[in-house]
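Note that my numbering has the sequence shown beginning at 1, numbered continuously upward.
Data first, discussion second: the structure below is written as structure tokens.
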Amino acid sequence: MELKETQSVETKQQQAVQINPYQDYVNEQDYVSFKKLMKFQEDIRNSYASITTDPKLKQFKTDCNKAILSAINAVCLGSESNLREQLERLRCVLSGATVDMTGKRFSAKSHPLGVTYCKDLLAIKIVEQGQNVVPTKPEYTFPYAFLAISLWSEFPDFGQLLLAQFYKICPCLVPLYMPRLEGQTNEEYKTALGYRIKSGVVEDQVSFLCRMAGVARVYAALAISPLPNSRLAHPHGIENIWHWLAAVLNMSPRPDKI
């Protein structure tokens, strides 16, 4: 009888590991949310894959990139009117409205999945700003956060793509201690942690930590930034920061072995 019970417990433990290989590295509820977001992001990217691969859509893809990047790159510090102008421009792009773009008119709706592509592209670019700009220019943290949370409140699917990208680039925001899985190469493991690898060379830890800190700054800033329209509910408020902190404190510390 005791042998059967022991085998039953071991079977359940094995099944749990198969369901969640990270069970010792993340809160179960957070893991479920993380997996749903990763699946959502994957499905979205598969849905618009033709935009990134079809040569006939190369110009459309370029126009989408210009529409998003022109607004992100035009953000000026200390100018509320400028920030609201860029917000309105991005709002138009994500809603499929026609926008002026260097002598031509553009609408993401000219392709059935153009708006979807632009939403994911904007999510990627905002997180990139956290990685590439904020570490050396932290004063841009709140302008980017303002754009992100304002658009999230109006376009919930964009918000889910943004959160998925935050988690993908910086797993500690889940929070998830990314373990090394069986069969993973060193490069695969470090990529999972968020390290950049170029021509087989892994970035140094100082650069990695600076990027992650920049991403975390933007994430935290959007959680505490007020919405321009106070009548709307905040889609990802400060309670998420408290949840993150509690989850981290309930996890056993992991030594840095990389």
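Just so you know, even glycine gets a beta-carbon here, dropped at the ideal spot from N, CA and C.
Expected contact under 8 Å - CB spacing of residue i and residue j to nearest Å
i	j	result
Ala74	Gln86	6 Å
Glu182	Ile197	With a Cβ gap of about 21 Å, Glu182 and Ile197 do not count as contacting.
Ile238	Ala223	5 Å
Ile149	Leu90	That belief does not hold up - the Cβ atoms of Ile149 and Leu90 are roughly 12 Å apart, past 8 Å.
Val248	Pro175	5 Å
Met101	Asp63	7 Å
Gln129	Tyr140	7 Å
Phe158	Leu113	Not quite, the Cβ-Cβ distance comes to about 14 Å (not below 8 Å), so this is no contact.
Phe146	Leu83	6 Å
For residue i, the three-state DSSP class (helix, strand or coil)
i	result
Met38	helix
Arg217	helix
Ile197	strand
Arg211	helix
Arg254	coil
Val174	coil
Val26	coil
Arg45	helix
Trp244	helix
Classification of residue i by the beta-carbon crowding that lies within 10 angstroms, buried from 16 upward
i	result
Ile51	buried
Leu37	buried
Ser225	buried
Lys4	Low confidence applies to Lys4: its pLDDT is 49, below 50, so where it sits in the model is not reliable enough to give any reading.
Thr53	exposed
Gln184	exposed
Gly103	exposed
Val201	exposed
Trp242	exposed
Ile245	What sits at residue 245 in the sequence shown is Leu, not Ile. When all chains shown are included, Leu245 counts as exposed.
Lys12	Only weak support is given to the placement of Lys12: the predicted model assigns it a pLDDT of 47, under 50, and the value that follows is read from those uncertain coordinates. By the 10 Å Cβ count, Lys12 comes out exposed.
Thr98	exposed
Quiz item: Going along the chain, which unbroken runs of the alpha helix (DSSP H) with 4 or more residues stay wholly within the region 117-158?
Solution: 141-154
Exercise. For the region 75-103, list the beta strand (DSSP E) runs that are entirely contained and at least 3 residues long, ordered along the chain.
Key: 99-101
Quiz item: So, do the region 206-220 and the region 160-174 have three or more beta carbon pairs nearer to each other than 8 Å?
Solution: yes
Self-check item: Three or more C-beta pairs below 8 Å linking the region 133-140 and the region 157-164
Solution: no
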